[in-house]
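Novice:
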Amino acid sequence: MITQENLSDNSFGLELILQALASSPAPTSIYSGEDMVIRFANAGMLALWGKDVSVIGKPLMEAIPELEGQPFLELLQEVWHSGKTYSISEAPAKLMINGKEVLDYFDYEYKAIKDNHDKTWCILNTALNVTERREFSQQVKEKEEREHALNEEMAATLEELTSTNEELNISMKQLAHSREYIRTIIEQAPVGIAMLKGSEHIIEIANPAILNIWGRTESEVIGRPHEKARPELQGQPVNRWLKEVYNTGKPKINTEFTVKLLHKHGLREAIVNSIYQPIISEDGSISGVLVILEEITQRVLDRRKNENDQQMLALAIDAGELATFYYQPATNLFSGNSLLKNWFGLSSEENIDLSLALAVILQEDRDRVIDAIAHSLSSTSDGQYFIEYRIQNNTDKKVRLLQANGRVFYSQQGQPLSLNGTLRDITEQKKEEQRKDDFMGMVSHELKTPLTSLKAYLQLLQRTEVNTENSRQQNMLEKSVKQVDYMNSMINGFLNVSRLDSGQLHMDKENFDFKTLFSEIEQELLSTNHTRTFIFKSSGSISILADRDKISQVLHNLIGNAVKYSAVNTSIIVEYLTIDNNSIKVNVHDYGIGISVEDQHRIFERYYRVKDNNSRTISGFGIGLYLCKEIIELHHGTIQVKSFQNEGTTFSFVLPIDGQKLNQ
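To get our numbering, take the position in the sequence shown, counting from 1, and add 8.
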């Protein structure tokens, strides 16, 4: 407690005390009043604040404005009012030192100095910068924590090592008893395995798979040096490789290596994948060689054959000037060879969106193509895709007529994966067919008149000779009339094709009894054709609305085909029956040479003839079945063929009884 007596004591005055504090190395300052006016600050405190003596006599916050927002003024005011000392360790303080804000840590104390009335007279502030001490303590603490963590980690590692050592001891014991087990595994391995011991490559183990590849038995090789046990390898590099692996310790791996192996009493050429692996003993030395062998002869031959087939297919596609296409419905991606992309004017990117290809198709054909693709991918389709359409790209602007032929490939679950096929430019072919049609139509018209006259003269001669007894002459006249009728029928066919193209082939429909027409054809065939056995199966009277002459023409054509493509003295069955009381089905079945699956898909095309060596001598222009199909479809009916080569063929057509379109 400071008293008046203390203050007036000349032997130990206030001035002396201040001199003593000023000389103290510890930062010290004295404040008074609620504004904390700085009454004294020694050099240590001024250095701590980063100030000079000009701050003496100023309020603390005016002298040191950077203390704004920090708790020092409030703490000092609390000490001033309460008279209680406040001290703290490692408290942070932000100060301006040489114009730069610095964060340091201090141990400081605010001690209230009271007068004899127990009222605070001033506050003595002592401080010590402990930033370095704090950092050192922090480093020591962190080091101790790291050391503690390392000790714990080392303890855990030691525990793991102890456990691992115990497991290793158990494993070593198990390994000592597992040699026979390993041998059993090797014996059952699907690839060939052999263990060769020492520099002589003594065959210690050879499993059944490798013995089968070698063409050897176990008794022939076990316990013998590899080179002596398999003399067939002389002149081949295998034994040299074994020595290199044993001497260098480097494995030797061969892929698709061709080697000559023992086979019965000779040698065979085999293709194998092989691995020669050095066997390293515990001391690091090489004790032998492990041989792993897989024979892939058939697999490689199949792959090479497939590659050859692919090359041949590519050559055939190039030679035939075919474009190939691939469509994936799940992703709508469309791709093809360079010829397809050239025709469609598409980029060289491997896959494009189908819509880009569809945009090149002429607008009047585009919907047909979209419907054809959708139908081929539907669950009700047989997966076949065949259509003709026109395209015009934006590059050469050339209109091309293309014929698309493809099929759908399915997943194991029956879902369509892709539509693959080929495109053929038939622009010139169609032009040639048109020229042929024009020529046929013109010639047919020109031949019609002289043939009619010729038939009239022949019939006149028949009537003239009717009372004569010259049977030979009558027979010749009869055959001549038949040949004229045959030629007239052929000309009518060409004319009908011409009329189809010009839209002038009209159906003159009328109600008639199909049984009557059926009987007429039966009587005609039985009286004129004695080389085949005809079996006609009738189902009674059925009145249908159709063009009688055109349906008769279809029947004659189908029966004529059956005669052409079947052997003499075989049977031909012709029958009809009703279906659901609204349609009639007619079948013509023969036991002839049959039609291939490929030809069945195209048999109804114009000018198409079966490509078969057995049918090359059979005459025809390939328009008969085409006309049959067109006539039946103009009657809103359907026609189809089922055939097996060398077993026979059945042509069937279905007609609506009332002439209305059937529900398909």
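Glycine included, each C-beta is placed from N, C-alpha and C at the ideal position.
Fair warning: this is a prediction, and the values are worked out from it, not measured in the lab.
Please report the Cβ distance between I46 and L26, rounded to the nearest whole angstrom; I am assuming they are in contact, meaning their Cβ atoms lie under 8 Å.
Specialist: Walking along the sequence shown from the start, residue 46 turns up at place 38. Walking along the sequence shown from the start, residue 26 turns up at place 18. That pair is no contact at about 13 Å.
Novice: Buried or exposed: F144, going by 16 or more other Cβ atoms within 10 Å of its Cβ?
Specialist: Residue 144 sits at position 136 when you count from the first residue of the sequence shown. The residue in question, F144, is exposed, as its Cβ has fewer than 16 Cβ neighbours within 10 Å.
Novice: Which full runs of the beta strand (DSSP E) of 3+ residues lie inside the stretch 72-143, going along the chain?
Specialist: Whole beta strand (DSSP E) segments, 3+ residues: 94-105, 108-122, 128-137.
Novice: Would you kindly report the start and end of the unbroken beta strand (DSSP E) that includes D516?
Specialist: Translated into positions along the sequence shown, residue 516 becomes position 508. Careful: D516 lies outside any beta strand (DSSP E) and carries neither H nor E.
Novice: T165 by DSSP, collapsed to three states: which one?
Specialist: In the sequence shown, the residue the question calls residue 165 occupies position 157. The answer is helix: DSSP assigns T165 an H, G or I state.
Novice: Whole angstroms are fine: how far does the CA of A99 sit from the CA of R154?
Specialist: Within the sequence shown, the letter at position 146 stands for residue 154. Within the sequence shown, the letter at position 91 stands for residue 99. Spanning the two alpha carbons is a distance of roughly 26 Å.
Novice: Just how far apart, CA to CA, sit D390 and G414?
Specialist: For the purposes of this step, residue 390 is taken as residue 382 along the sequence shown, with counting starting at 1. For the purposes of this step, residue 414 is taken as residue 406 along the sequence shown, with counting starting at 1. So the two alpha carbons sit approximately 11 Å from each other.
Novice: With respect to the alpha helix (DSSP H) encompassing M53, which residues constitute its N-terminal and C-terminal limits?
Specialist: Taking the first residue of the sequence shown as position 1, residue 53 is located at position 45. Element bounds for M53: 51-57.
Novice: Going residue by residue through the stretch 222-307, where are the continuous alpha helix (DSSP H) segments of at least 4 residues, counting only ones entirely within it?
Specialist: Runs found: 226-229, 234-237, 246-256.
Novice: Under 8 Å by Cβ, that's how I've got G296 and K236 pegged, so tell me the actual separation to the nearest angstrom.
Specialist: Residue numbering aside, residue 296 sits at position 288 when the sequence shown is read from its first letter. Residue numbering aside, residue 236 sits at position 228 when the sequence shown is read from its first letter. The Cβ separation is near 16 Å, so there is no contact.
Novice: Would you kindly report the start and end of the unbroken alpha helix (DSSP H) that includes D375?
Specialist: Along the sequence shown, read from residue 1 onward, the residue named residue 375 stands at position 367. First-last of the alpha helix (DSSP H) with D375: 371-385.
Novice: Identify the residues that DSSP records as bridge partners of V649: which are they?
Specialist: Residue 649 sits at position 641 when you count from the first residue of the sequence shown. Partner(s): F659.
Novice: Quick check on D354: does DSSP put it in helix, strand or coil?
Specialist: By 1-based counting over the sequence shown, the position of residue 354 is 346. Residue identity check: residue 354 is Leu in the sequence provided, not Asp. L354 falls in the coil class under three-state DSSP.
Novice: Considering Cα atoms alone, identify which of I529, V308, S549 is closest to K523.
Specialist: Taking the first residue of the sequence shown as position 1, residue 523 is located at position 515. For the residues I529, V308, S549, the minimum Cα distance to K523 belongs to S549.
Novice: Looking at C-alpha atoms only, which residue of V61, Y284, G243 is the closest neighbour of K260?
Specialist: Counting from one through the sequence shown, the residue named residue 260 turns up at place 252. Cα-wise, what sits closest to K260 is Y284.
Novice: Could you please give me the residues that DSSP links to A214 through a beta bridge?
Specialist: Within the sequence shown, residue 214 is the residue found at index 206, counting from 1. Partner(s): A202.
Novice: Comparing alpha-carbon positions, which option in I631, S386, V377, T403 lies nearest E396?
Specialist: Here residue 396 corresponds to residue number 388 of the sequence shown, with the count starting at 1. Of the listed residues, the one whose Cα sits closest to E396 is V377.
Novice: Taking buried to mean at least 16 other C-beta atoms within 10 Å of its own C-beta, is T388 buried or exposed?
Specialist: Working through the sequence shown from its first residue, we reach residue 388 at position 380. T388 should be labelled exposed.
Novice: Taking DSSP as the reference, what is the three-state secondary structure of N428?
Specialist: On the sequence shown, position 420 is the one that residue 428 refers to. It is a strand residue.
Novice: Compare the beta carbon distance of A631 and R614 with 8 Å and say whether it is the shorter of the two.
Specialist: Within the sequence shown, residue 631 is the residue found at index 623, counting from 1. Within the sequence shown, residue 614 is the residue found at index 606, counting from 1. Ala is not the amino acid found at residue 631; the sequence shown has Ile there. Yes, Cβ-Cβ distance for I631 and R614 is below 8 Å.
Novice: Pull up the distance between the alpha-carbon of N359 and that of S343, whole angstroms please.
Specialist: Looking up residue 359 in the sequence shown gives position 351. Looking up residue 343 in the sequence shown gives position 335. Looking at the two C-alpha atoms, the distance is approximately 5 Å.
Novice: Identify every residue that forms a DSSP beta bridge with T524.
Specialist: The count along the sequence shown starts at 1 and reaches residue 524 at position 516. In the DSSP output, where bridge partners are listed per residue, T524 has none listed.
Novice: How about the stretch 306-318 and the stretch 197-215: do they share at least three Cβ pairs that are nearer than 8 Å?
Specialist: Short answer: they don't touch.
Novice: How about F352 and A338: do their beta carbons lie closer than 8 Å?
Specialist: Sequence index remark: in the sequence shown, residue 352 carries index 344 (1-based). Sequence index remark: in the sequence shown, residue 338 carries index 330 (1-based). In this structure, A338 does not lie closer than 8 Å to F352 by Cβ.
Novice: Report the CB separation of I211 from A202 in whole angstroms; it is logged as a contact under 8 Å.
Specialist: Taking the sequence shown and counting its residues from 1, one reaches residue 211 at position 203. Taking the sequence shown and counting its residues from 1, one reaches residue 202 at position 194. Correct: roughly 6 Å between the Cβ atoms.
Novice: What whole-angstrom Cβ distance do E74 and M104 have, given they're in contact under 8 Å?
Specialist: Stepping through the sequence shown from its first residue, residue 74 is reached at position 66. Stepping through the sequence shown from its first residue, residue 104 is reached at position 96. Right, their Cβ atoms sit about 5 Å apart.
Novice: Put Q392 into one of helix, strand or coil per three-state DSSP.
Specialist: Start at 1 with the first residue of the sequence shown, and residue 392 comes out as number 384. In this structure, Q392 counts as strand in the three-state DSSP scheme.
Novice: If you draw a straight line from the C-alpha of V618 to the C-alpha of N281, how long is it?
Specialist: For the purposes of this step, residue 618 is identified with residue 610 of the sequence shown, where counting begins at 1. For the purposes of this step, residue 281 is identified with residue 273 of the sequence shown, where counting begins at 1. Between V618 and N281, the C-alpha separation is close to 49 Å.
Novice: Name the residue from I603, K545, I552, D588 whose alpha carbon lies nearest to the alpha carbon of K572.
Specialist: For the purposes of this step, residue 572 is taken as the residue at position 564 of the sequence shown. Closest option to K572, Cα to Cα, is I603.
Novice: Grab me the residues of V407's own chain with a C-beta within less than 7 Å of its C-beta, minus the 5 sequence neighbours each way, in chain order.
Specialist: Within the sequence shown, the letter at position 399 stands for residue 407. R398, Q400.
Novice: Compute the Euclidean distance between the alpha carbons of R624 and I601, then round it to the nearest angstrom.
Specialist: What you label residue 624 is simply residue 616 of the sequence shown in a count that begins at 1. What you label residue 601 is simply residue 593 of the sequence shown in a count that begins at 1. With a pLDDT of only 47 at R624, under 50, the local geometry of the prediction cannot be trusted, and the value read off the model is given with reservation. Looking at the two C-alpha atoms, the distance is approximately 12 Å.
Novice: Which residue or residues does DSSP assign as beta-bridge partners of F597?
Specialist: Looking up residue 597 in the sequence shown gives position 589. Sequence inspection shows His at residue 597; the Phe mentioned does not correspond to that position. The partner list for H597 (beta bridge, DSSP) reads I581, T658.
Novice: Tell me which residues share the same chain as L81 and place their Cβ nearer than 8 Å to its Cβ, disregarding the 5 neighbours each side in the sequence.
Specialist: In the sequence shown, the residue the question calls residue 81 occupies position 73. Hits under 8 Å: M44, L68, M69, L75.
Novice: I want to know whether the stretch 113-128 touches the stretch 81-97 - three or more CB-CB distances under 8 Å.
Specialist: At 8 Å Cβ cutoff, the stretches touch.
Novice: Which of helix, strand or coil does DSSP assign to Y418?
Specialist: Indexing the sequence shown from 1 puts residue 418 at position 410. Note: Y418 maps to strand in three-state DSSP.
Novice: For a test of the three-state rule: what should DSSP assign to N413, helix, strand or coil?
Specialist: Start at 1 with the first residue of the sequence shown, and residue 413 comes out as number 405. DSSP places N413 in strand when its eight states are reduced to three.
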